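Following the working numbering, the numbering of the sequence shown begins with 29 at its first residue and continues without gaps. Glycine included, each C-beta is placed from N, C-alpha and C at the ideal position. These numbers come from a predicted model, not from an experiment.
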Amino acid sequence: MKNKSTIILLLAFVAVCCLTIGCATSTEHCSVKLSTGVGYVVNGAKTVEKGKNYIFTVTANEGYNVTSVMVGTEKLTETDGKYTVANVTADIEIVVSAQRKTFSVFFVGDGYEASGEPTVTYGSNYVFTLSIADGYDKTVTPVVKAGDNVLVGEKDGNDYIYTIENVTSDVTVTVSGLVKFPGQLVVPSDAFNIEIARLTAEQRNQGYYLQGVSGSYNGVKCDVNVDLSAVVWNTAGSYKITYSLEGHADVTKIATLNLFGTFTVPDLAIDLSDVTTAVSCLDGYQYVDRDLYMVDGETQTLLTPKQFVAEQIVVDGKKVYRSHFSTDYLLSLKSGSYNFRLVDYVTCNIGEFTVTLTDDAAPAYDFDADDMYAYVVGDSFDFVKAMRHANSAQPIVVKYFLMDENGVETDCTDGYDLPDKAGVYTWTVKYFRSENELTEYTKSVKYLLVDNYGWSGVTVSASKDGNIVLSTVDNDTNQYTDKNAIISADYIRKNNKVNGNYMVLTFKVTDYTSSGKFDAGIWSLKGANNDYMGITLNTVGVTCKVLRMLSGGAVDFIIRDFTGSIEITDVEFVTIAEGFGTQKSNVGYVNTTTENNGLVTSAKVQWTTNSDNNKFTVTQAYLDKLVAAGYTQISMDLSATQANIYVICTYKNGNVTKDVAKNYTGGNVNFALATVDGTLSEIGIVIVNTHDNTMHQDYSGTLELTNITYTK
């Protein structure tokens with residue numbers, strides 16, 4: 029038994045070993061592309077086991093910094109000197125960017141000015157220029173060091189040029205050894221207190237503040253300058269005045285000028301509705317010794333000679349009048365109160381007063397516009413603007429708004445772009461006095477933008493009922509191929525949803541000045557006369573034309589010897605089965621549907637007004653095709669709008685004609701293709717007068733043939 033057990037264990041062991049060896053599979057790896065370039069070295073394996081992390085290092089070369097390490101769009105971060113791409117499942121590429129190190133340059137010391145770049149690139153030479161400042165002895169050579177290294181400069185006039193070679197770290201330049209000249213500046217008073225009302229012309233001049241002031245430099249007497257540019261002479265406050273030695277601007281002293289006090293001028297109220305005339309200031313000038321400022325808080329704005337007649341004001345009498353202001357200047361202001369400050373440099377008076385502008389009159393603007401304007405999308409045009417009356421001085425603000433067909437309103441006062449989408453837009457002009465809208469004076473006008481059907485070759489415009497208008501057509505009676513109105517293939521491709529082979533164009537003549545010949549159809553190599561059927565355009569009204577589409581998809585629409593305009597009211601695509609039926613009328617069309625075998629299953633015959641004979645015929649060619657195919661009968665449902673139907677059948681033998689129905693109001697009719705009278709050669713369907721069966725001469729409506737079936 030013991031030996032038997034041993035044999036069993038050995039067999040089991042062999043089976044397990046065989047099983048393990050049979051299940052072994054190869055490990056899948058992903059390739060790694062390592063970046064190479066200037067300034068760095070990438071170390072890592074060229075492959076990584078799929079699903080494992082990939083670890084590599086990037087070492088910057090001397091003088092370089094690694095700026096980024098990328099895998100695809102992911103930026104990697106270095107951890108403990110290594111980079112890791114986690115869970116690699118596809119081939120990867122390591123992309124590294126590096127750039128030269130840059131170092132900062134610092135200057136230490138006084139008495140000089142240095143010119144040079146604030147940074148320098150690793151390994152480069154750094155060049156800078158040193159100039160001795162005013163107030164220092166320019167005959168003394170400065171001691172210049174870069175760190176602990178003494179630099180030797182090249183003298184260029186009063187300047188020195190230095191070079192620091194092979195920079196590998198931040199640089200600190202130290203300048204010493206310069207000798208400053210001694211300077212003295214004596215100012216008797218460091219404060220001046222002056223009342224504005226008593227300010228004299230002398231006190232506005234530099235000489236007043238230089239009394240008792242002296243200066244010297246290195247023992248030599250110097251002139252002294254005083255800077256009064258910071259002083260606002262007509263405004264109370266404390267102002268800094270600066271003294272400096274002539275030729276030694278670094279030797280300075282500061283004093284303070286305190287201006288205080290005011291005097292007032294009676295306020296003025298102006299009703300702008302009475303302001304209609306300009307005043308002499310428009311051609312006058314302003315004396316340099318009298319200024320007027322508009323004051324807004326801490327800000328004051330000087331009025332120009334064309335805004336205010338300063339020389340006419342009686343300052344001593346403290347009087348300001350409406351006539352001192354120009355009309356244009358008052359017009360530029362909104363209603364409300366404004367503060368002014370009047371400065372008279374002769375009497376040394378400064379007066380402050382308030383002008384209140386009022387206006388309750390209606391806006392003095394005209395807005396002459398039609399109720400609606402129509403344009404083709406893409407045309408250039410200007411929106412109607414409000415026109416201000418001449419000499420109007422109202423403080424009215426006009427704003428313009430454009431509302432689209434979705435009710436979204438846009439402020440177009442400061443400019444606008446023309447809409448590029450078909451629709452109805454509302455252009456509104458609104459008037460504002462200060463912040464208040466004068467709603468009772470709001471005006472609006474409609475702008476209709478119409479898509480071009482793809483017309484070209486003529487002047488294309490839009491009508492107010494949303495149609496395309498063709499005008500300025502060709503007047504050459506012998507011209508067919510040039511300057512014709514053309515509806516584009518692109519439009520047909522986008523809109524021929526039924527995949528029709530004909531296009532029905534409905535239009536109306538809106539005006540004409542000659543009785544021109546209108547031609548519509550296709551152009552082919554056969555020549556125009558074989559393919560165009562024309563009508564004479566000598567009546568204003570609506571008509572339609574059936575156009576067969578060219579092989580390229582476009583359609584010519586030719587108008588000859590015609591001066592006027594035509595408005596396109598409808599474009600419809602229909603399918604007309606070849607050979608099925610004809611109309612004895614130039615003003616109408618047929619729309620058919622067919623089965624895969626080419627047999628017509630329904631037809632709609634459309635007539636418009638002015639038909640000379642409203643008769644539709646199922647042709648002999650179509651009926652012969654049915655007989656040849658073994659059909660013995662054709663049946664259909666007939667109906668017509670606003671009229672009765674008269675059906676006539678014609679047979680080949682002896683040209684026999686039989687009435688099938690008179691005063692027929694609609695319903696099913698059967699036709700045998702072969703009878704004792706012969707083979708059916710024509711089915712004529714006529715629209716008739718209800719009372720006497722005579723043909724309608726002016727019928728507008730639809731004849732429908734539905735449920736057309738065929739029997740063998």
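Worksheet item: Where residue 650 and residue 526 are concerned, what is the direct C-alpha to C-alpha distance, given to the nearest angstrom?
Response: For this step, residue 650 is matched to residue 622 along the sequence shown. For this step, residue 526 is matched to residue 498 along the sequence shown. For residue 650 and residue 526, the distance between alpha carbons rounds to 23 Å.
Fill in: Local conformation of residue 406 per DSSP, three classes
Position 378 of the sequence shown, counted from the start, is the residue given in the question as residue 406. Residue 406 falls in the coil class under three-state DSSP.
Worksheet item: Considering only C-alpha positions, which residue in the set 593, 739, 573, 646 is nearest to residue 606?
Response: In the sequence shown, counting from the first residue as 1, residue 606 sits at position 578. Nearest C-alpha to residue 606: 646.
Item to complete: Using alpha carbons as the reference points, say which of 472, 677, 714, 697 lies closest to residue 703.
Response: On the sequence shown, position 675 is the one that residue 703 refers to. For residue 703, the nearest C-alpha among the options comes from 677.
Fill in: Candidates 223, 279, 238, of which the one nearest residue 287 by Cα
Taking the first residue of the sequence shown as 1, we reach residue 287 at position 259. Comparing Cα-Cα distances from residue 287 to each of 223, 279, 238, the minimum goes to 223.
Practice prompt. Output the distance between the C-alpha atoms of residue 433 and residue 369, rounded to the nearest integer angstrom.
Written response: In the sequence shown, residue 433 corresponds to position 405, counting from 1. In the sequence shown, residue 369 corresponds to position 341, counting from 1. Their backbone Cα atoms lie some 52 Å apart in a straight line.
Worksheet item: Which residues in the same chain have their Cβ closer than 8 Å to the Cβ of residue 144, if we skip the five residues on either side of it in sequence?
Response: Within the sequence shown, residue 144 is the residue found at index 116, counting from 1. Only 133, 154, 155, 156, 157 meet the Cβ criterion.
Worksheet item: Taking Cβ positions, are residue 498 and residue 530 nearer each other than 9 Å?
Response: The count along the sequence shown starts at 1 and reaches residue 498 at position 470. The count along the sequence shown starts at 1 and reaches residue 530 at position 502. The answer is no: Cβ separation not under 9 Å.
Worksheet item: Which partner residues of residue 266 appear in the DSSP bridge assignment?
Response: To locate residue 266, count along the sequence shown from 1; it is residue 238. Answer by DSSP bridge pairing, in chain order: 286.
Worksheet entry | Chain-order list of residues whose beta-carbon lies under 6 Å from that of residue 267 (same chain, five-residue window excluded) | Residue 267 sits at position 239 when you count from the first residue of the sequence shown. The residues are 258, 259, 285.
Worksheet entry | C-beta atoms of residue 537 and residue 599 nearer than 9 Å | Along the sequence shown, read from residue 1 onward, the residue named residue 537 stands at position 509. Along the sequence shown, read from residue 1 onward, the residue named residue 599 stands at position 571. It is not a contact, given that the beta carbons lie outside the stated cut-off.
Discussion item. Contact criterion: CB-CB distance below 9 Å. Does residue 609 meet it with respect to chain B?
Written reply: Absent here is chain B; the protein component of the structure consists of one chain.
Worksheet item: Under a Cβ-count criterion, where at least 16 other Cβ atoms within 10 Å of its own Cβ denotes burial, should residue 634 be classed as buried or exposed?
Response: For the purposes of this step, residue 634 is taken as the residue at position 606 of the sequence shown. So residue 634 counts as buried.
Worksheet item: Among 54, 399, 214, which one has its Cα closest to the Cα of residue 78?
Response: Along the sequence shown, one-based indexing puts residue 78 at 50. Of 54, 399, 214, the residue nearest in Cα terms is 54.
Worksheet item: What is the residue span of the beta strand (DSSP E) that residue 652 lies within?
Response: Translated into positions along the sequence shown, residue 652 becomes position 624. Run containing residue 652: none in the beta strand (DSSP E); it sits in the alpha helix (DSSP H), 648 to 656.
Fill in: residue 231 (DSSP reduced to helix, strand or coil)
Taking the sequence shown and counting its residues from 1, one reaches residue 231 at position 203. It is helical.
Item to complete: Can you grab the Cα-Cα spacing for the pair residue 239 / residue 249, in whole Å?
Response: Along the sequence shown, one-based indexing puts residue 239 at 211. Along the sequence shown, one-based indexing puts residue 249 at 221. Those two C-alpha atoms are separated by around 16 Å.
Practice prompt. May I ask you to list the residues that DSSP assigns as paired with residue 455?
Written response: As a position in the sequence shown, residue 455 is number 427, starting the count at 1. Per DSSP, 430, 473.
Worksheet item: To the nearest angstrom, how far is it from the Cα of residue 397 to the Cα of residue 410?
Response: What you label residue 397 is simply residue 369 of the sequence shown in a count that begins at 1. What you label residue 410 is simply residue 382 of the sequence shown in a count that begins at 1. Distance between the alpha carbons of residue 397 and residue 410 is about 12 Å.
Fill in: Whole-number beta carbon distance between residue 122 and residue 99, since they are thought to touch under 8 Å
Residue mapping note: residue 99 aligns to position 71 of the sequence shown, counting from 1. Residue mapping note: residue 122 aligns to position 94 of the sequence shown, counting from 1. Correct: roughly 6 Å between the Cβ atoms.
Worksheet item: Count the other CB atoms within 10 Å of the CB of residue 664; is the residue buried (16 or more) or exposed (fewer)?
Response: For the purposes of this step, residue 664 is taken as the residue at position 636 of the sequence shown. Classification of residue 664: buried, given that the 10 Å Cβ count is 16 or more.
Worksheet item: Quick one: what does DSSP say residue 604 is sitting in, helix, strand or coil?
Response: Taking the first residue of the sequence shown as 1, we reach residue 604 at position 576. Note: residue 604 maps to coil in three-state DSSP.
Worksheet item: Within 10 angstroms of its Cβ, does residue 595 collect 16 or more other Cβ (buried), or is it exposed?
Response: Within the sequence shown, residue 595 is the residue found at index 567, counting from 1. With 16 or more Cβ atoms within 10 Å of its Cβ, residue 595 is classed as buried.
Item to complete: Report all residues from its chain with a CB closer than 6 Å to the CB of residue 187; omit the five preceding and five following residues, and keep chain order.
Response: Along the sequence shown, one-based indexing puts residue 187 at 159. Closer than 6 Å at Cβ, skipping near neighbours: 157, 159.
Discussion item. Only counting the same chain, and skipping five residues up and downstream in sequence, which positions put a Cβ closer than 7 Å to that of residue 731?
Written reply: Taking the first residue of the sequence shown as position 1, residue 731 is located at position 703. Contacts found: 633, 644, 668, 713, 715.
Worksheet item: How far does the beta strand (DSSP E) with residue 668 in it reach, from first residue to last?
Response: Counted from its first residue, the sequence shown places residue 668 at position 640. Taken as a continuous stretch (DSSP letters only), the beta strand (DSSP E) holding residue 668 covers 661 to 668.
Worksheet item: Under 9 Å between the Cβ atoms of residue 473 and residue 436?
Response: As a working mapping, residue 473 is identified with position 445 in the sequence shown. As a working mapping, residue 436 is identified with position 408 in the sequence shown. The answer is no: Cβ separation not under 9 Å.
Item to complete: Pick helix, strand or coil for residue 449, following the three-state DSSP scheme.
Response: Translated into positions along the sequence shown, residue 449 becomes position 421. Reduced to three states, the DSSP call for residue 449 is coil.
Fill in: Residue closest to residue 319, alpha-carbon to alpha-carbon, out of 371, 354, 353, 444
Taking the sequence shown and counting its residues from 1, the one referred to as residue 319 is at position 291. Ranking the options by Cα distance to residue 319, first place goes to 371.
Item to complete: Confirm, please, whether the CB-CB distance from residue 115 to residue 89 is below 9 Å.
Response: Here residue 89 corresponds to residue number 61 of the sequence shown, with the count starting at 1. Here residue 115 corresponds to residue number 87 of the sequence shown, with the count starting at 1. No. Outside cutoff.
Worksheet item: Looking at the structure shown, is residue 104 part of a helix, part of a strand, or coil, going by DSSP?
Response: Position 76 of the sequence shown, counting from 1, holds the residue named residue 104. Of the three classes helix, strand and coil, the one that applies to residue 104 here is coil, per DSSP.
Discussion item. Buried or exposed for residue 379, going by 16 or more other Cβ atoms inside 10 Å?
Written reply: For the purposes of this step, residue 379 is identified with residue 351 of the sequence shown, where counting begins at 1. Result: buried.
Discussion item. Please report the straight-line C-alpha distance between residue 67 and residue 176, rounded to a whole angstrom.
Written reply: Within the sequence shown, the letter at position 39 stands for residue 67. Within the sequence shown, the letter at position 148 stands for residue 176. Each residue's alpha carbon lies about 30 Å from the other.
Worksheet item: Beta carbon of residue 701, beta carbon of residue 631: below 9 Å?
Response: Numbered from 1 along the sequence shown, position 673 holds the residue referred to as residue 701. Numbered from 1 along the sequence shown, position 603 holds the residue referred to as residue 631. No, the pair does not count as a contact, with Cβ atoms beyond the cut-off.
Worksheet item: So which of 445, 448, 475 has the shortest CA-CA distance to residue 455?
Response: On the sequence shown, residue 455 is found 427 positions in, with the first residue counted as 1. Ranking the options by Cα distance to residue 455, first place goes to 475.
Practice prompt. Using beta-carbon positions only, say whether residue 96 and residue 125 come within less than 9 Å of one another.
Written response: By one-based count along the sequence shown, residue 96 stands at place 68. By one-based count along the sequence shown, residue 125 stands at place 97. It is a contact, given that the beta carbons lie within the stated cut-off.
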